[in-house]
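Following: one structure in structure tokens, then a few remarks.
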Amino acid sequence: MNQSELFAAGIAQLPEQIINLIARGAVFVINHSGGKDSQAMYLMLRDLVPAAQRVIVHADLGEVEWPGAVDHIKATTAGEPLHVCSSRRGLLQMIEERGMFPSPSQRQCTSDLKRGPIERTVRAVTRERKADGIEAWGLVVNCMGMRAEESPGRSKLTPFKRHEGNSKAGREWYDWLPIHDWTTGDVFAHIAAAGQSPHWVYAAGMSRFSCCFCIMSNKADLTTAARLNPDLYRRYIELERSTGQVMMMPSKKHGRQTLEQITGVMAGEGAIV
Ligand code: SF4
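Residue numbers for the sequence shown follow numbering that gives the first Met the number 0, beginning at 0 and rising by one.
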């Protein structure tokens, strides 16, 4: 299919609100972590939303992010401008200062490291559009790559909704999850169909991206990350020891466990890939 056929096929499946927002000149903010879901979402949006209405934003997680995330985004977005933002404090510093790890129920790491910096970037971008005299300067569709299949919590998310908190000061802001109903297979297939590959960590055994060690990770991902990134792994273990806390929530089966107990990889073990 050529570009216009792809557009016609894709747009036929879109909610009416999205079609209207494209027509009204809304800016579609593509939240790009460098992971497979962001990559597939970008490719999907590239075929639907005119280039002048696309803005790619990456929240740089610094030392806790997989190496090469920004390079991977640049390599797979055909040289489109990329806005890289970051929080004032990194995750490890936050844990050190608070004396505790973030919890899956609160997820303050997500708001501090990702949502906050990205929303500040979007506000700056809309101010620039206003200064440039663009009529739809305050019309924003914030696109995120969460999928229902990932977790029960994500399956309950509403794929499209107006964000009341951000719809002020002349802005009209919507949150959209364009690939919410996609399977993992759909994601990898979409990337392959575009002639691209996902970031190398998937071939190395990781199922998820973003922070190398995530409070939501499963044992397999933690173990793979411990082997791929032993220096960073040691930092997390040192934080567990200095704070007297553990990073992962206790499980029903195993109770409270340190990272070393979960993964079986001791701090100081070299990379065993
Ligand atoms: S990837 Fe995990 S640890 Fe990192 S910010 Fe998101 S929820 Fe927190």
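Think of the CB as a built atom: it goes at the ideal place given N, C-alpha and C, for glycine as much as any other residue.
The structure displayed is predicted, hence computed values, not measured ones.
6 Å Cβ shell around residue i - same chain, five flanking residues per side excluded
{"i": "Gln195", "result": "Thr75"}
{"i": "Met0", "result": "For Met0, the pLDDT reaches just 47, beneath the cut-off of 50, and the residue's location in the model is therefore unreliable, although a value from the coordinates is still provided. There are no such residues."}
{"i": "Ile271", "result": "Bear in mind that the predicted position of Ile271 carries a pLDDT of just 47, short of 50, making it unreliable; the figure below should be weighed with that in mind. Closer than 6 Å at Cβ, skipping near neighbours: Arg226."}
{"i": "Gln52", "result": "Val26 and Phe27"}
Residue i Cβ short of 8 Å to the ligand GDP heavy atom set
{"i": "Ile214", "result": "No copy of the ligand GDP occurs in the structure displayed; its ligands are the ligand SF4 alone."}
Proximity test, residue i beta-carbon vs the ligand SF4 heavy atom, cut-off 8 Å
{"i": "Lys275", "result": "Only positions 0 to 272 of the chain appear in the structure, and residue 275 is not among them; the question remains open."}
{"i": "Val63", "result": "yes"}
{"i": "Leu90", "result": "yes"}
{"i": "Arg45", "result": "no"}
{"i": "Pro101", "result": "yes"}
{"i": "Cys84", "result": "no"}
{"i": "Ser209", "result": "yes"}
{"i": "Arg106", "result": "yes"}
{"i": "Thr183", "result": "no"}
{"i": "Leu258", "result": "no"}
{"i": "Leu60", "result": "yes"}
{"i": "Thr223", "result": "no"}
{"i": "Thr242", "result": "no"}
Buried versus exposed call for residue i [16 or more other C-beta atoms within 10 Å across all chains shown]
{"i": "Pro101", "result": "buried"}
{"i": "Met265", "result": "exposed"}
{"i": "Asn228", "result": "buried"}
Cβ pair residue i, residue j closer than 9 Å
{"i": "Ile29", "j": "Cys142", "result": "yes"}
{"i": "Ser150", "j": "Met215", "result": "yes"}
{"i": "Ala280", "j": "Arg128", "result": "Examination of residue 280 is not possible in this model, given that the chain is present from 0 through 272 alone."}
{"i": "Gly33", "j": "Gln244", "result": "no"}
{"i": "Ala25", "j": "Val200", "result": "no"}
{"i": "Val56", "j": "Ile117", "result": "yes"}
{"i": "His31", "j": "Leu90", "result": "no"}
{"i": "His198", "j": "Gln38", "result": "yes"}
{"i": "Val83", "j": "Val63", "result": "no"}
Same chain only: Cβ atoms within 7 Å of residue i, ignoring 5 sequence neighbours per side
{"i": "Ala168", "result": "none"}
{"i": "Gly204", "result": "Thr223"}
{"i": "Met145", "result": "Arg153, Leu156, Leu176 and His179"}
{"i": "Asp111", "result": "Ser86 and Met93"}
{"i": "Asp220", "result": "Met205, Ser206 and Arg207"}
{"i": "Val48", "result": "Ile21 and Phe27"}
*Only counting runs of 3 or more residues, tell me where the beta strand (DSSP E) segments fall wholly within the region 62-120, in order along the chain.*
81-84
_4 or more residues per run - each alpha helix (DSSP H) lying fully within the region 185-266_ = 199-202, 218-227, 229-242 and 258-262
*Run through the region 9-41 for me and flag every whole beta strand (DSSP E) of 3 or more residues, listed as ranges in chain order.*
26-30
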